[in-house]
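Residue numbers (our numbering): 89 to 183.
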């Protein structure tokens, strides 16, 4: 079947299509794309990767590329704690 662009909706099951993509074929979505497009999930995955690197003894190879990150409202107490720590560290109000 010849096509260049496969326009898939969020619920489309793409596994069979993805397995046989030609060099000139593209899909507008791919499985689990939200793992890269949602900031909270990117952070979760980078932290997971960092732990895997530490376990394998290669933790020094990964730079600290992600700043302190919070998913609100779940992490609100951690956010407040970090905010107060930074305020105390700087000796003035952040506002």
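Glycine included, every Cβ here is placed at the ideal spot set by N, Cα and C.
Sorting 129, 90, 144 and 123 by C-alpha distance to the C-alpha of residue 111 places 90 at the top. A straight line joining the alpha-carbon of residue 167 with that of residue 125 spans about 22 Å. About 6 Å separates the CB atoms of residue 156 and residue 170; that is less than 8 Å, so the two are in contact. Sequence-distant Cβ neighbours of residue 135 in its own chain, meaning closer than 8 Å and more than five residues away, are 154.
In chain order, 129 and 133 place their CB closer than 7 Å to the CB of residue 123, counting only its own chain and leaving out the 5 sequence neighbours on each side. Each residue's CA atom was taken as its position, placing residue 138 and residue 179 some 32 Å apart.
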